[in-house]
Amino acid sequence: MKLYNTLSRKIEDFELINDKKVLFYHCGPTVYWVQHIGNLRAMTWADLIRRALIYLDYDIKFVRNYTDVGHLTSDQDSGEDKMEKGAKREGITPQQIADKYIAIFENDTKALNIIDPDYKPRASQYIKEMQEMIKTLIEKGFAYVTDLAVIYDVSKFPDYNKLNKQKLDFNQQGAGKGVVEDPEKRHFADFNLWVFKKGTHKNALQTWPSPWGEGFPGWHIECSVMAKSILGETIDIHMGGVEHIPVHHTNEIAQSEAANGKLFVRYWLHNEHLNVDNEKMAKSQGTGFTLKEIVNKGFDAITLRYFFLSAHYRSKQNFTWEALEAAESSLKKLRTIVLDLKANESHETNESNMADFKQQFAEALSNDFQIPQAVAVMWNLVKSNLAPQEKLKLLLDFDKVFGLRLIEVAEEKIPKEIIKLAEERKLARQSKDFKKSDELRIKIEELGFKIEDTDEGYTIKKL
Ligand SMILES: [Zn+2]
């Protein structure tokens with residue numbers, strides 16, 4: 002298994018601390034709004050990577066958190082808490098906002114056939130553990146307390162820029178990007194660990210007592226602490242969007258490694274963004290599409306999943322309605338093929354015929370999760386001269402990774418008898434015997450099923 006590690010900017014061999022047990026942390030959403038399809042692409046890709054590792058026989062402990070406090074509107078330390086912004090917008094409490102948007106998010110991930118994480122911690126449930134880590138950081142000299150916050154001192158952590166590869170100029174006090182709202186902050190890259198209910202945040206809605214003062218946690222400490230509490234001090238894979246490299250993940254490393262005195266993450270994986278019509282997605286432009294908007298246009302969620310399979314996670318992907326239509330047509334074709342194979346299968350499969358495709362598929366996955374290449378292997382399989390039952394077996398096997406619910410197509414309670422009639426009808430149509438094809442359609446309907454013709458063949462549904 003080889004994968005690209007952002008830490009080294011290189012493809013590396015994937016080696017584990019515990020034999021075949023992968024400790025995997027994925028930065029989950031801040032639950033103050035409906036997630037757009039760009040975020041859902043990131044979630045789908047973490048799922049594809051998790052499924053690929055399972056396919057390759059790894060055992061995984063997978064965590065995806067919910068941020069329900071402390072993520073300010075700027076990823077630096079300025080602005081309003083996003084949860085409070087949501088609460089004010091809708092006139093309910095931050096926790097009600099969290100419940101509402103977690104429910105929508107989980108419906109979306111379910112529709113996309115994303116396997117539920119083993120753990121889904123909410124940041125607000127780990128306040129005590131966060132305070133313990135902050136206490137350790139103060140004791141070890143990595144943090145200082147101002148009138149407004151407990152702040153991480155990046156100058157004390159020599160490896161601060163090992164992930165983002167940036168250079169810090171310590172003469173540039175308080176300068177640089179981001180708005181520094183705390184005049185006692187020593188360096189612009191220093192960041193909040195705990196924010197007091199004071200100043201800009203004097204009316205904060207979610208606060209807890211702490212040894213340093215009433216307040217709420219900084220966003221970065223949340224992930225460091227949830228990862229440690231659930232997975233341990235050193236984890237194998239940490240994944241998130243490329244936008245997290247310069248600040249969020251850089252700060253997570255600084256906190257965890259300073260507090261624990263150990264390497265935090267062995268392999269950092271970062272997904273690229275989804276564009277719409279070659280532009281950055283933007284709510285203000287009406288291009289921050291949600292899954293609901295996609296479904297309302299008549300597409301099913303699995304079509305969107307199929308679309309996500311066509312670009313590697315480290316590449317930008319461009320969303321257009323035409324591209325989604327192309328994905329829909331391929332998926333329909335695939336579903337028809339599954340039904341066709343089901344109608345024509347017999348019992349015997351020859352493993353040695355299948356070995357070659359299985360190997361090509363595993364090789365694509367092992368090469369930094371080349372899912373688009375794995376999809377190409379699948380289409381080559383369909384075109385090959387393997388027996389129907391062999392093709393079907395492999396398609397369903399590959400779909401454990403793709404997650405296109407082909408098993409449901411194959412096992413939909415459509416009796417063989419119906420499929421046989423449908424196949425007969427297809428032949429009748431091909432030979433332009435429309436009288437016969439109509440008779441067969443009526444017969445199928447009498448038996449309680451509806452047949453619909455598509456460009457690629459047909460689909461059958463229960464009436
Ligand atoms: Zn995170």
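To convert, take the position in the sequence shown, counting from 1, and add 1; that gives our numbering.
Beta carbons: idealized from backbone N, C-alpha and C, even for Gly.
Item, Value
"Proximity below 8 Å, CB of residue 191 to CB of residue 153", "yes"
"The beta strand (DSSP E) enclosing residue 308, as first and last residue numbers", "Looking at the DSSP string, residue 308 is not in any beta strand (DSSP E); the run it does join, the alpha helix (DSSP H), is 302-310."
"Under the three-state DSSP convention, the category residue 453 falls into", "strand"
"Residues proximal to ligand 1 by C-beta, any heavy atom closer than 5 Å", "28, 224"
"Residue from 209, 283, 247 whose Cα sits closest to the Cα of residue 129", "209"
"Residue 378 vs residue 403 beta-carbon contact at 8 Å", "no"
"Residues of its chain near residue 361, where Cβ-Cβ distance is below 7 Å and the 5 sequence neighbours each way are ignored", "378"
"Residue range of the beta strand (DSSP E) that includes residue 34", "Unbroken run through residue 34: none, as it is neither H nor E."
"Residue 298, buried or exposed, once every other Cβ within 10 Å from all chains shown has been counted against 16", "exposed"
"Cβ contact check for the segment 263-278 and the segment 324-337: 3 or more pairs under 8 Å", "no"
"Three-state secondary structure assigned by DSSP to residue 116", "coil"
"Residues of its chain near residue 56, where Cβ-Cβ distance is below 7 Å and the 5 sequence neighbours each way are ignored", "366, 401, 402"
"Any alpha helix (DSSP H) of 4 or more consecutive residues that is wholly inside the segment 185-260", "220-232"
"Residue closest to residue 123, alpha-carbon to alpha-carbon, out of 454, 443, 164, 72", "72"
"Cβ separation of residue 62 and residue 4, assumed to be a contact under 8 Å, to the nearest whole Å", "About 18 Å separates the two Cβ atoms, so there is no contact after all."
"Collapsed DSSP secondary structure at residue 67 in the structure displayed", "strand"
"Distance between beta carbons of residue 45 and residue 315, contact taken as under 8 Å", "Actually they are not in contact, since the Cβ atoms of residue 315 and residue 45 sit about 14 Å apart, beyond 8 Å."
"Backbone CA spacing between residue 134 and residue 166 [nearest angstrom]", "26 Å"
"Bridge partner(s) assigned by DSSP for residue 473", "Given a span of 2 to 464 for the chain in the structure shown, any question on residue 473 remains unanswerable."
"Which of helix, strand or coil DSSP assigns to residue 76", "coil"
"Cβ neighbours of residue 376 in the same chain (closer than 8 Å, five flanking residues each side left out)", "310, 311, 403"
"Inter-residue Cα distance where the pair is residue 396 and residue 407", "8 Å"
"Residue environment, residue 211, which counts as buried when at least 16 other CB atoms sit within 10 Å", "buried"
"Cross-strand partners of residue 403 (DSSP beta bridge)", "Bridge partners of residue 403: none, in fact."
"Span separating the alpha-carbon of residue 429 from that of residue 343", "19 Å"
"Beta strand (DSSP E) segment containing residue 267, residue limits", "266-272"
"Selected residue, minimal CA-CA separation from residue 132, among 280, 217, 381", "217"
"Exposure of residue 438, with buried meaning 16 or more beta-carbon neighbours within 10 Å", "buried"
"Backbone secondary structure at residue 458 - three-state DSSP", "strand"
"Residue 81 - containing beta strand (DSSP E), residue span", "Unbroken run through residue 81: none, as it is neither H nor E."
"C-beta contact flag for residue 464 and residue 446 at 8 Å", "yes"
"Contacting residues, own chain, Cβ-Cβ under 6 Å from residue 52 (five flanking each side not counted)", "402"
"Nearest candidate by alpha-carbon position, reference residue 350, set 372, 451, 328, 391", "391"
"Nearest neighbour of residue 235, chosen from 459, 22, 451 [CA to CA]", "22"
"Residue 25: first and last residue of the uninterrupted alpha helix (DSSP H) it sits in", "It is not in any alpha helix (DSSP H) - residue 25 instead sits in the beta strand (DSSP E) that spans 22-27."
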